[in-house]
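Numbering follows my numbering, with no gaps: position 67 of the sequence shown is 115. Reading through the structure tokens given below for one structure.
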Amino acid sequence: MRLLNVVEVDELAIDAIKLLQTYIDHLGYSASIHFELEGCFSSDDKNAVSTFDYQYLSQQLKSLNIDGQVIPEYWSNQWEYVSLFNGQSPLKEAQNLTLAIKELPALFASQGIDKTFIKPVVWSGDSGKLAFGSKNIFTNEQRAVHIPNAIQMNVSARDSLGENIIPKRGFGECLQRHFLKSSLSCCLLFLPEEDAYERLLLKDKYGLADELCSPNDISGGHQGSIALYKKLGKHNQKMGITPLVYDRFNNVILSEDDWTSTARIEHRLGASSVYYNAYVNVVFGLLNLALALDDYVNDASAKECMANTTASRLPESLHDQQNKKGAITLFTECDWFENTLNKIECSVKNISSSTTGEHRFIGRRLKQAILQQYQQNVITSSTYLN
């Protein structure tokens, strides 16, 4: 698979991020966006796998001015890139992930790793079967486990005092509701290749419901695919626990509990992919945040924002399947993305003396540029990067 017009998309998306940051700043708030990226690796050199140094790789990321680190994940040879909270702007966070996706294969290779996978599914990436009712004890039975890899986007906002407003006046529920409403029509942005839709079907199609916890629909709450984390996280664990004192066995004996600082929306639907455009997805995140802030500033009814939204199924493909619309058609027919961005562009021109000239209709242009990337006769899934 090869996407066209990537440079044009990036340039337009960067301009859109700057507009959205200006708009949100004008409302009196600052936006926070942080990414998590999962992937896998393999190597014929088993020693390179067993001695792989994650700390050294994270130091290399720092030397590249990337605010992130890489840690081991659940499955064998699965890793996770985790954004660091260094106060970076949404634009810098998009730059971080873009550069990380580009550089990680070479950084893994520098330690003797042959193959680095940044893709939605690593087929037969592991083996084994979980014991009934367990999440970490395996039986002696062996079977192929197709590992799903995600890109998660965490979104929150702070007021002029630096306080997180996710817990205040139903703002978190309002922001979650905006994401629940916009994610189906915009799924092309965070599910950019065909294997991303195979990833959604893994649990049902291959009987891996016990082994996998990846979401396969658009749902809310604190355990859904668009999760609102306040006091509790995905696994019902307490949020905002900071260890303060350890005993000599490295057990925590004193900790601080402040869930309000870590409250956020975690958009868990994104698929790991070299075709995932971090700039475009930051635009998507900031559009939802801007609309939620408009509601918040105008004292929109918290009860309305907190109303239940019925879970909805994502499409089965980039392309239309019989009577079911694919992701490309859904995005083509939706006017939310372009109209909201165009409207905010007009607002920024009215409030900012630094922006001059004619209206650029950046929403329409960015949407067209995104869709032009898929004007190919054949789209195949990605392969590993060396």
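Beta carbons: idealized from backbone N, C-alpha and C, even for Gly. Every value quoted in this text rests on a predicted model; they were computed, and no experiment measured them.
Could you tell me if Y104 is buried or exposed, where buried requires 16 or more neighbouring beta carbons within 10 angstroms of its beta carbon? Position 56 of the sequence shown, counted from the start, is the residue given in the question as residue 104. Exposed, because fewer than 16 other Cβ atoms sit within 10 Å of the Cβ of Y104.
Since Q136 contacts C88 with CB under 8 Å, what's their CB separation in whole angstroms? Taking the sequence shown and counting its residues from 1, the one referred to as residue 136 is at position 88. Taking the sequence shown and counting its residues from 1, the one referred to as residue 88 is at position 40. C88 and Q136 do not touch by the CB rule: their CB atoms are close to 27 Å apart, not below 8 Å.
Rounded to whole angstroms, what's the CA-CA distance from L249 to D265? Just pull it up for me. Taking the sequence shown and counting its residues from 1, the one referred to as residue 249 is at position 201. Taking the sequence shown and counting its residues from 1, the one referred to as residue 265 is at position 217. As the crow flies, the alpha-carbon of L249 is around 10 Å from that of D265.
Locate the beta strand (DSSP E) running through N202, then write down its first and last residues. As a working mapping, residue 202 is identified with position 154 in the sequence shown. Segment 198-206, the beta strand (DSSP E) holding N202.
Identify the residues that DSSP records as bridge partners of W127: which are they? To locate residue 127, count along the sequence shown from 1; it is residue 79. DSSP output for W127 lists G87, P120 as bridge partner(s).
Sequence-distant residues of its chain with Cβ nearer than 6 Å to V118 (five each side left out): For this step, residue 118 is matched to residue 70 along the sequence shown. Residues Y102, L105, S106, W127, Y129 of the same chain have their beta carbon placed closer than 6 Å to that of V118, with the five preceding and five following residues left out of the count.
Does the count of Cβ pairs from the segment 84-99 and the segment 204-221 closer than 8 Å reach three? no
Thinking just about the alpha-carbon of each residue, which of P168, R206, A375, Y254 is nearest to the one in V193? The residue labelled residue 193 in the question sits at position 145 within the sequence shown. Per the Cα distances, Y254.
Checking the sheet assignment: what are the DSSP bridge partners for K163? On the sequence shown, position 115 is the one that residue 163 refers to. Beta-bridge pairing links K163 to S90.
Write down every uninterrupted run of the alpha helix (DSSP H) in the segment 222-274 whose length is 4 residues or greater and which is fully enclosed by it, in chain order. 235-238, 243-248, 250-253
Can you find the residues in the same chain that come closer than 7 Å, C-beta to C-beta, to S231, ignoring five residues on each side of it along the sequence? Residue mapping note: residue 231 aligns to position 183 of the sequence shown, counting from 1. Exclusion of the five residues before and after S231 leaves I266, I274, L317 as the residues of its chain whose Cβ lies within less than 7 Å of its Cβ.
Applying the criterion that 16 or more other CB atoms from any shown protein chain within 10 Å of the CB defines a buried residue, is H82 buried or exposed? What you label residue 82 is simply residue 34 of the sequence shown in a count that begins at 1. Counting Cβ neighbours within 10 Å, H82 comes out buried, since at least 16 surround it.
Three-state secondary structure (DSSP) at E211? For the purposes of this step, residue 211 is taken as residue 163 along the sequence shown, with counting starting at 1. If DSSP states are grouped into helix, strand and coil, E211 belongs with coil.
Spatial neighbours of T377 in its chain, beta-carbon cut-off 6 Å, leaving aside the 5 residues before and after: On the sequence shown, residue 377 is found 329 positions in, with the first residue counted as 1. Cβ neighbours of T377 beyond the five flanking positions: D368.
Quick one: grab the DSSP three-state call for E381. If you number the sequence shown from 1, residue 381 lands on position 333. In the structure shown, E381 sits in a helix (DSSP, three-state: H, G or I).
Quick one: what's got a C-beta closer than 6 Å to S182's C-beta in the same chain, skipping five residues either side? Taking the sequence shown and counting its residues from 1, the one referred to as residue 182 is at position 134. Confidence at S182 is low in this model, with a pLDDT of 45, below 50, so the placement of that residue is unreliable and no value is reported for it.
Residue from L155, V396, S320 with nearest C-alpha to V169: If you number the sequence shown from 1, residue 169 lands on position 121. For V169, the nearest C-alpha among the options comes from S320.
Under a three-way DSSP split, which group does R408 fall into? On the sequence shown, position 360 is the one that residue 408 refers to. Three-state result, R408: coil.
Can you tell me whether DSSP reads H367 as helix, strand or coil? On the sequence shown, position 319 is the one that residue 367 refers to. DSSP places H367 in coil when its eight states are reduced to three.
Please classify H226 as buried or exposed, where buried requires at least 16 neighbouring CB atoms within 10 angstroms. Within the sequence shown, numbered from 1, the residue matching residue 226 stands at position 178. Its Cβ being crowded by 16 or more others within 10 Å, H226 is buried.
Closest residue to Y323 among D73, L145, N346, G76 (Cα-Cα distance): The sequence position of residue 323 within the sequence shown is 275, counting from 1. Comparing Cα-Cα distances from Y323 to each of D73, L145, N346, G76, the minimum goes to L145.
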